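For the sequence shown, the numbering used here assigns the number 3 to the initial residue and increments by one for each residue that follows.
From the three backbone atoms N, C-alpha and C, an ideal C-beta is built for every residue, glycine too.
Because the structure is a prediction, the values reported are computed rather than measured.
Structure first, commentary second.
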Amino acid sequence: MDERRDVMRILWDNGIFPTTREIDEIMKMGGLSYVMKKIREGRAYEILRKEESKFTIIKGDREFPASSGKSESFRKLFLSRYMKIRKILESRVSLSGSVNIDYGMKNEGESTIIAMVRDIRESKYGMILDLEDPSGHIIAYYNGNDNIFPDDVIGVKGNIRNGKMYVKEIVYPGVDNVSKKEKIVNSENGIAFISDIHVGSKMFMKENFLKFIEWLNGEKGRNVKYLVISGDLVDGIGIYPGQEMDLELSDIFDQYALLSQYISRIKNDITIFMIPGNHDLVRIAEPQPFLGEEIRKMFPPNVIFLSNPAYISIEGFNILIYHGTSLNDLMDYIKGIKYENADTMMAELLKRRHLAPIYGNKVPIAPTDEDYMVIEDIPDLFVTGHIHVHKYSVYYGTILLNASAWQKQTEYQKMHNFNPDPCKVTIKFLNKPGLETIKF
Ligand SMILES: [Fe+2]
């Protein structure tokens, strides 16, 4: 009897109010230990799940423990990245018969290799690439205009002579099927996408956000059953110099408590997926784990906390959610690119099958043994945030969306000549191609 009471108390603490029959069911499933396990795993929303789930978390409830032995771990991380992307490249017909670099150097002549770019230098003859695989490395000369980044994993076709490679073609892992069409699902339900709420900032646009919540709860938002938020849920503390001047709430727990008040106003039949961003209370190195229990328990059970990145399927529609911190790195590496070209940068990520391809620039990478930033499966929709612009397009059947923010321009952004485009909500109706945008 005591255990039953404990179960109820814990569920109430987590905003879950079960009926007597539901409690009976929970006791049959394992009672207190079952409930504690679900809460610990951030899956409290599953405790009362009655019907067959309409969504699946394919990747996204991981902690991503980082190793302490740094150099060995980074070696493992890069090897994992190489092997995962190599597997994708090996499935390309044009790369069949690829050989290891040491085999190619011994046998010379026309060769195809799959390599990681160790170094790139520009010369008057074109690019000089240092290419590496687990068997060795080779210097390669290439006369193309591609945007090659350090650490890219690419297929390289060319001629090996005197221990050097003369490159004819570079193949990126890219998308699986270039004639893929946008996925349409037989469902009237819609998914709303927003990002970068920045609760706690003086520039958080609360009136506009409340109008959006009112719309969601009302007749017009009737078909929207899911909400995806791509990180920077709160403004955080100590993120950039002088941030304290921009803060309305200087305690990060107060910021999450206020966010919870807003989120709790959303009707509870909308399932809300949230990932963290660089302003949230988790480690900044990517991949970022989902928010800790002390934050999760502030929120109602229809909120599902995921890691950054996360890969989910909603009614059979696959979505890759990433905060987008690496978009800043791409700005430094792609000539002439602007923040407004978020979709072009996202296409570059899909082309490389990696969410943070440039190591050692602005995005800190955690030394995990496995590389979780590799895009192993091409999604139907790829969403980011972070750069506070609103942009979408379709890239070989995959919708690319940079979801809009809820924060006015900060002094810091003004200094960096950065103009946000806030308060736009993007809706994906599962039975229609494209997206709809509403400005609040
Ligand atoms: Fe942000």
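Over what stretch of residues does the beta strand (DSSP E) that includes residue i continue unbroken?
| i | result |
| --- | --- |
| F33 | At residue 33 the sequence reads Gly, which differs from the Phe that was named. Here G33 belongs to no beta strand (DSSP E); instead the alpha helix (DSSP H) covers G33 to R42. |
| M276 | T273 to M276 |
| R163 | V155 to R163 |
| T439 | E438 to K441 |
| Y168 | K166 to V173 |
| L383 | L383 to T386 |
| F431 | K426 to F431 |
| L212 | Not the beta strand (DSSP E): L212 falls in the alpha helix (DSSP H), residues K208 to N219. |
| Y228 | V226 to I231 |
| G192 | G192 to I196 |
Assign residue i to one of three DSSP states: helix, strand, or coil.
| i | result |
| --- | --- |
| Y324 | coil |
| K89 | helix |
| R45 | coil |
| M118 | strand |
| K183 | coil |
| T22 | helix |
| V365 | coil |
| N404 | strand |
| S69 | coil |
| F292 | coil |
| S82 | helix |
| S395 | strand |
| F301 | coil |
| F420 | coil |
| V95 | helix |
| S75 | helix |
| E112 | strand |
| I12 | helix |
| E372 | coil |
In its own chain, which residues sit with a C-beta less than 7 Å from the C-beta of residue i, not counting the 5 before and 5 after it?
| i | result |
| --- | --- |
| F76 | P369 |
| Y36 | I28 |
| Q415 | P422 |
| I90 | P175 and R355 |
| L293 | P278, D282, L283, V284 and F307 |
| E246 | S252 |
| L50 | I18, P20 and E24 |
| D178 | I380 |
With a CB to CB cut of under 8 Å and the five nearest residues on each side skipped, what residues in its chain are close to residue i?
| i | result |
| --- | --- |
| Y127 | Y143 and N145 |
| M167 | G106, S113, I115, L133, I140, I141, A142, Y143, V158, G160 and N161 |
| N433 | I186, V187, N188, S189 and E190 |
| E317 | K56, F57, V187, S189, N191 and L432 |
| D248 | S203, K204, M205, D237, T412, E413 and Y414 |
If you follow the alpha helix (DSSP H) that residue i is part of, which residue opens it and which one closes it?
| i | result |
| --- | --- |
| E134 | No alpha helix (DSSP H) holds E134; the beta strand (DSSP E) holding it covers G128 to D135. |
| T346 | A344 to R354 |
| L260 | I254 to S266 |
| G106 | I103 to N109 |
| Y335 | L329 to Y335 |
Per DSSP, residue i forms a beta bridge with which residues?
| i | result |
| --- | --- |
| A312 | I323 |
| F307 | M276 |
| K61 | Y313 |
| E27 | Paired residue(s): none; E27 is not in a bridge. |
| H139 | E134 |
| V201 | V236 |
| I241 | None, per the DSSP bridge assignment. |
| E124 | M129 |
| Q415 | Answer is none; Q415 lacks a bridge partner. |
| Y144 | M129 |
| L249 | S203 |
Enumerate in chain order the residues of its own chain whose CB-to-CB distance from residue i is below 6 Å, with the five nearest sequence positions on each side excluded.
| i | result |
| --- | --- |
| R123 | I130 |
| S266 | P302 |
| M347 | L329 and L332 |
| Y84 | M118 and V155 |
| L261 | V201, L235 and V236 |
Chain-ordered residues, beta carbon under 5 Å from a heavy atom of ligand 1: D198 and D234
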